[in-house]
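Mapping of the sequence shown onto the working numbering: position 185 corresponds to residue 196, and the numbering continues sequentially without gaps.
Below: one structure, written as C-alpha cells.
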Amino acid sequence: MAEKEQLLTEPKDPAPVSAAPAEHGALLKYGSLAFLIVQNSSHVLLLRYSRVIPGDCREYVTSVAVLFAEFLKLAFCLVVLLLFVCQGPCALIERLRTDIWNRKWDTLKVSIPALCYTVQNNLQFVAASHLGAALLQLLYQTKTLSTAVFGVVILRKTLRCNQWCALSVLVAGVVLAQGSQRASTAASSGNVMLGVCAAIGVSVCSGFASVYLEKILKGDKTSLWVRNVQLCIFSIPLQCLAIYQRDYDKVLAKGMFHGFCISTWLVVCMFAFGGLLVAVVIRFADNNLKNLAMAVAIIVSCIASVPLFDFKPNEIFAAGAFLVICSIFLYAWQPKQATPYLPVSATETASK
C-alpha cells in the first residue's frame, strides 16, 4: 500500500520541470514572430525614410552605403567565427583555409549569387527613392513568384494547384496596388515606372540567387558564417567597381561619408545584420508564423506610412494589399491528404 501511494504522489513533483521547456519554447516562438514583424516592416520604412528625409542626410551615396554594409557583414561573421565557432585565431585561419582556399571551385560558384545580391542591394535604394514604403512592401512579395518560377525551371520542382492560384492572386494584388498609387506617386518627385522596375529587379535577383544557392549547395555542410564570408569575398570587389563606375566623381568631390547620418547608419546596419539575424531566428518559427509575420509587416508598413510619408491609401490599394496577404497564406497551405483505408480480406468479412 505504501508503494502504491508513493507511485501516486511522485508524478506531482516533475510537472513544473516539464512546464519550463514549454514556456521557453513559447517565448522563442513568439519572440521570433515579433522579431520577423519588426525586421520585415522596418526594412522598407527605414530605407524609404533615409531617401526622403529633409536636409543633407538623404544626399548620401547609396553605393557607398552598400559597401559599408558588406564590410560590416564580413567583420561580424569573422567575429562570430572567432569567438563562438573556432575558439581562437589559429583555428579561424585553418577553418577559412579549409572551407574557402582548399575548396576553390566551391568558393567560385558563390560568385554568381554574390553578383545577384550586389545588384539587388543597389536596386533596393533605387526602388526606395521612387516608391512609397507601402507599395514597396507589396512589390517585394513578388519574390515568392520569382523563386517559384526559378524553382520550376532550374530545380524541376512541381507546384500544387493552390500555389499556382496563389501566384495568380499575388500578381493581381500587386497590379491593383501599383495602379492605385500611380497618380499619387507621379505627383511626387519619384519616377514610378523606374521604381517598379527596380523593385521587380530586386525580386528577380533574390529569387534566382536563392534557387541557385539551393542547387549548388544541396547537402553542403558549410556554416552560415563561412558562407557569408565567401559571399563578401566577391561582393566587396564588385561593389567597389560599382562605386568607381557610377559614383566616383561624387565620392571624389564630397567624400565617402557625405550625408551619413543616424538614419543612414541604421540602414547600413540593417543591410549588414538583418539577413543574418533572420537566418538565425527563422529556425524557431514555423511556416505559419513566418506567413503571419509577412502579413502583419504589410499592415504595419501601410499604417506607419500614413503619418511618416503622408500616405493616402484608397479602396483599390486596400483590395490589392488584401489579395497579396491572402496569396501568402494560400501559397503555404497544404491540403490534408485523405487517410488511406486498408483493404478488408474476405475471411475477415466472413468472420464478422
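We put the beta carbon where it would ideally sit given N, CA and C, even for glycine.
*Taking the alpha helix (DSSP H) that Lys229 falls in, what are its first and last residues?*
Membership of Lys229 in any alpha helix (DSSP H) is not indicated, and neither H nor E is assigned to it by DSSP.
*Closest to Asn299 by CA distance: which of Ala330, Phe340 and Gly206 is it?*
Closest in C-alpha terms to Asn299, from the list Ala330, Phe340 and Gly206, comes Phe340.
*Can you name, in chain order, every residue of its own chain whose Cβ lies under 6 Å from the Cβ of Ala308, other than the five neighbours on each side?*
Taken in chain order, the residues that qualify are Ile48, Asn51 and Ser52.
*Given Arg69, which residues of its chain have a CB within under 6 Å of its CB, disregarding the five upstream and five downstream residues?*
The residues are Arg62.
*From the DSSP output, in three-state form, read off Asn113 for me.*
Reduced to three states, the DSSP call for Asn113 is coil.
_Please report the distance separating the alpha-carbon of Leu56 from that of Ala210._
Each residue's Cα considered, the two are about 15 Å apart.
*asked:* Which same chain residues end up closer than 7 Å to Cys337 when comparing Cβ atoms and leaving out the 5 residues on each side of it in sequence?
replied: Taken in chain order, the residues that qualify are Val180.
*Starting from Trp175, follow the alpha helix (DSSP H) in both directions and report where the run begins and ends.*
Where Trp175 is concerned, the enclosing alpha helix (DSSP H) stretches over Cys172 to Ser191.
*Beta-carbon proximity check, Ser157 vs Gly218, cutoff 8 Å*: The answer is yes: Cβ separation under 8 Å.
*Between Leu287 and Asn325, which are expected to be in contact by the criterion C-beta below 8 Å, what is the C-beta distance as a whole number of angstroms?*
Between Asn325 and Leu287 the Cβ distance is about 38 Å, and since that is not below 8 Å, they are no contact.
_Can you give me the C-alpha to C-alpha distance between Pro346 and Val160, rounded to a whole angstrom?_
Taken atom to atom, the span from the alpha-carbon of Pro346 to that of Val160 is near 21 Å.
_Where Pro318 sits in the DSSP three-state scheme_ = Three-state DSSP puts Pro318 in a helix.
_Spatial distance of Thr137 from Lys265 (CA atoms)_ = Here residue 137 turns out to be Val, not Thr, going by the sequence shown. Each residue's Cα considered, the two are about 21 Å apart.
*Compute the Euclidean distance between the alpha carbons of Cys251 and Pro100, then round it to the nearest angstrom.*
So the two alpha carbons sit approximately 28 Å from each other.
*Are Phe284 and Ser43 touching if we call contact CB-CB under 8 Å?*
Contact flag unset, no.
*Which whole-angstrom value is the C-beta distance of Leu149 and Ala188, which I expect to be below 8 Å?*
The Cβ separation is near 5 Å, so the contact holds.
*If you check the beta carbons only, do Ala76 and Val203 fall under 8 Å apart?*
Contact: no.
*Check whether the region 222-229 touches the region 160-169, counting contact only when three or more Cβ pairs, one atom from each stretch, lie closer than 8 Å.*
Yes, they touch.
*Select from Ile111, Tyr128 and Glu105 the residue whose C-alpha is nearest the C-alpha of Phe282.*
Each of Ile111, Tyr128 and Glu105 was checked against the Cα of Phe282, and the nearest Cα belongs to Tyr128.
*Specify the secondary structure class of Gln345 as computed by DSSP and reduced to three states.*
Coil at Gln345, not helix or strand.
*When Phe95, Ser140 and Leu249 are compared against Phe82, the one with the closest alpha-carbon*: Out of Phe95, Ser140 and Leu249, Leu249 has the C-alpha closest to the C-alpha of Phe82.
*Report the option in Phe87, Phe322, Met305 and Trp344 whose CA atom is closest to the CA atom of Val335.*
Selected option, being the one with the closest Cα: Met305.
_Where the alpha helix (DSSP H) through Leu85 begins and ends_ = Here the alpha helix (DSSP H) through Leu85 covers Thr73 to Val91.
*If you draw a straight line from the alpha carbon of Thr109 to that of Leu134, how long is it in whole angstroms?*
Near 34 Å, if we compare the C-alpha coordinates of Leu134 and Thr109.
_Let me make sure I understand the geometry here. Which of Lys301, Cys176, Met267 and Ser274 has the alpha-carbon closest to that of Lys40?_
With distances taken between Cα atoms, Lys40 lies closest to Lys301.
*What are the start and end residues of the alpha helix (DSSP H) that includes Met281?*
First-last of the alpha helix (DSSP H) with Met281: Ile273 to Val292.
*So, are the CB atoms of Tyr271 and Tyr71 less than 8 Å apart?*
It should be pointed out that residue 271 corresponds to Phe in this sequence rather than to Tyr. Contact: yes.
*Tell me whether Asp260 sits in a helix, a strand or coil according to DSSP, three-state version.*
Secondary structure at Asp260: helix, using DSSP grouped into helix, strand and coil.
_Residue nearest to Leu178 in terms of C-alpha spacing, selected from Gln192, Ser191, Lys154 and Gly190_ = If we check each option's Cα against that of Leu178, Lys154 comes out closest.
*Given Ser246, which residues of its chain have a CB within under 7 Å of its CB, disregarding the five upstream and five downstream residues?*
Residues of the same chain with a CB within less than 7 Å of the CB of Ser246, apart from the 5 flanking positions on each side, are Glu81, Ala125, Tyr128 and Thr129 in chain order.
*asked:* Does the contact criterion of 3 or more C-beta pairs under 8 Å hold for the region 83-103 versus the region 229-238?
replied: Enough Cβ pairs lie closer than 8 Å, so yes.
_Buried versus exposed call for Val291 [16 or more other C-beta atoms within 10 Å across all chains shown]_ = Flag for Val291 reads exposed.
*Give the DSSP-derived three-state secondary structure of Gly99 in the structure shown.*
Shown here, Gly99 sits in coil according to DSSP, grouped into three states, outside any helix or strand.
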